[in-house]
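Asks:
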Amino acid sequence: MMRTRLVIGLAVTVLLTGCGGAARHDEQDRPVSFPPRPFELDVTTVDPCDGLAPSDRDRLGVRTTKPGTSQDGTSNDCTWSTRDGLGYTLQTFHVDAAQAFEPGSSEIVEVAGFGAVQRSLAAPGTGLPLCQLVLDVADTASLRAQVQVTPLAERGGAYTGRSICDRLRGEASRMMANLRAAHAG
Numbered sequence: 016m017m018r019t020r021l022v023i024g025l026a027v028t029v030l031l032t033g034c035g036g037a038a039r040h041d042e043q044d045r046p047v048s049f050p051p052r053p054f055e056l057d058v059t060t061v062d063p064c065d066g067l068a069p070s071d072r073d074r075l076g077v078r079t080t081k082p083g084t085s086q087d088g089t090s091n092d093c094t095w096s097t098r099d100g101l102g103y104t105l106q107t108f109h110v111d112a113a114q115a116f117e118p119g120s121s122e123i124v125e126v127a128g129f130g131a132v133q134r135s136l137a138a139p140g141t142g143l144p145l146c147q148l149v150l151d152v153a154d155t156a157s158l159r160a161q162v163q164v165t166p167l168a169e170r171g172g173a174y175t176g177r178s179i180c181d182r183l184r185g186e187a188s189r190m191m192a193n194l195r196a197a198h199a200g
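This is the structure:
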């Protein structure tokens, strides 16, 4: 009898918290709110590689540009590797940006007028700084901009979570301006 109650209690706990421990974010209990968007982007038509214009790629010293897909083909991305050992990525998602918010490990920031969830962490495998911004671009869609310090970075140890996030916010602002020019309706 006690074992049955324990199993039922655990099952209810799992159902309430969701699989994988991700927090639920319904409209009523949403822990974050974003400012009104300056414009919306349709992530089904956005080409993330349009995020960096040729002049941006030159300024950053981009060596390679690599388009791709993930999430079973529902997410488009573009990755740029730079000569100074930084890797930038811009990726589309069909989920609300608020779902990226994790109390205690992320914060709400504004990028080019868009609300965004910012998270700084150590990259798996290298421990080098990584920063992610999940931008609120539509009601049920978001863009994730990311920059990661790679082992190829000459000054890898000089980068901090704060400095890499500051850099990403600037680049993400330019990315949003470029995407607006290419894709906004």
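In short: position in the sequence shown from 1, add 15, done, that's this note's numbering. Glycine is no exception: its CB is placed at the ideal position from the N, C-alpha and C atoms.
Which partner residues does glutamine 147 have in the DSSP bridge list?
Replies: Position 132 of the sequence shown, counted from the start, is the residue given in the question as residue 147. Answer is Arg134 and Gln161.
Asks: Buried or exposed for threonine 97, going by 16 or more other Cβ atoms inside 10 Å?
Replies: For the purposes of this step, residue 97 is taken as the residue at position 82 of the sequence shown. Classification for threonine 97: buried.
Asks: Quick test of the definition: if touching needs 3 or more C-beta pairs under 8 Å, does the region 143 to 150 touch the region 59 to 75?
Replies: The answer is no - the region 59 to 75 does not touch the region 143 to 150, with fewer than three Cβ pairs under 8 Å.
Asks: Who are the near neighbours of threonine 155 in its chain, counting only those whose CB is closer than 8 Å to its CB and skipping five residues on each side?
Replies: The residue labelled residue 155 in the question sits at position 140 within the sequence shown. Same-chain partners within the cutoff: His109, Val110 and Asp111.
Asks: Are arginine 52 and phenylalanine 116 touching if we call contact CB-CB under 8 Å?
Replies: Position 37 of the sequence shown, counted from the start, is the residue given in the question as residue 52. Position 101 of the sequence shown, counted from the start, is the residue given in the question as residue 116. No, the Cβ-Cβ distance between arginine 52 and phenylalanine 116 is not below 8 Å.
Asks: Identify whether serine 70 lies in helix, strand or coil by the three-state DSSP scheme.
Replies: Along the sequence shown, read from residue 1 onward, the residue named residue 70 stands at position 55. Residue state, collapsed to three classes: helix.
Asks: Would you grab the beta carbon distance between alanine 113 and valine 124 for me? Rounded to a whole angstrom, and I think it's under 8 Å.
Replies: Taking the first residue of the sequence shown as position 1, residue 113 is located at position 98. Taking the first residue of the sequence shown as position 1, residue 124 is located at position 109. Not really, about 13 Å apart at Cβ, beyond 8 Å.
Asks: For alanine 112, list the residues DSSP reports as bridge partners.
Replies: The count along the sequence shown starts at 1 and reaches residue 112 at position 97. Beta-bridge pairing links alanine 112 to no other residue.
Asks: Given this structure, state the Cα-to-Cα distance separating serine 85 from glutamine 106, to the nearest angstrom.
Replies: What you label residue 85 is simply residue 70 of the sequence shown in a count that begins at 1. What you label residue 106 is simply residue 91 of the sequence shown in a count that begins at 1. If I take the Cα positions, the gap works out to 9 Å.
Asks: Tell me which residues share the same chain as glutamate 42 and place their Cβ nearer than 8 Å to its Cβ, disregarding the 5 neighbours each side in the sequence.
Replies: Translated into positions along the sequence shown, residue 42 becomes position 27. Only weak support is given to the placement of glutamate 42: the predicted model assigns it a pLDDT of 42, under 50, and the value that follows is read from those uncertain coordinates. Excluding residues within five positions, none has a Cβ falling inside 8 Å.
Asks: Can you tell me the Cα-Cα spacing of valine 164 and alanine 138, whole angstroms?
Replies: Start at 1 with the first residue of the sequence shown, and residue 164 comes out as number 149. Start at 1 with the first residue of the sequence shown, and residue 138 comes out as number 123. Cα to Cα, the separation comes out at about 8 Å.
Asks: Leaving out five residues on either side along the sequence, give the residues of the same chain with a beta carbon under 6 Å from the beta carbon of arginine 184.
Replies: Stepping through the sequence shown from its first residue, residue 184 is reached at position 169. If we look at arginine 184 and ignore the five residues flanking it on each side, its Cβ neighbours are Val126.
Asks: DSSP state of glutamate 42, grouped into three classes?
Replies: Here the question's residue 42 lines up with position 27 in the sequence shown. Annotation note: pLDDT 42 at glutamate 42 (below 50); position unreliable, no value reported.
Asks: State the DSSP-derived secondary structure class of alanine 192, mapped to helix, strand or coil.
Replies: Residue mapping note: residue 192 aligns to position 177 of the sequence shown, counting from 1. DSSP places alanine 192 in helix when its eight states are reduced to three.
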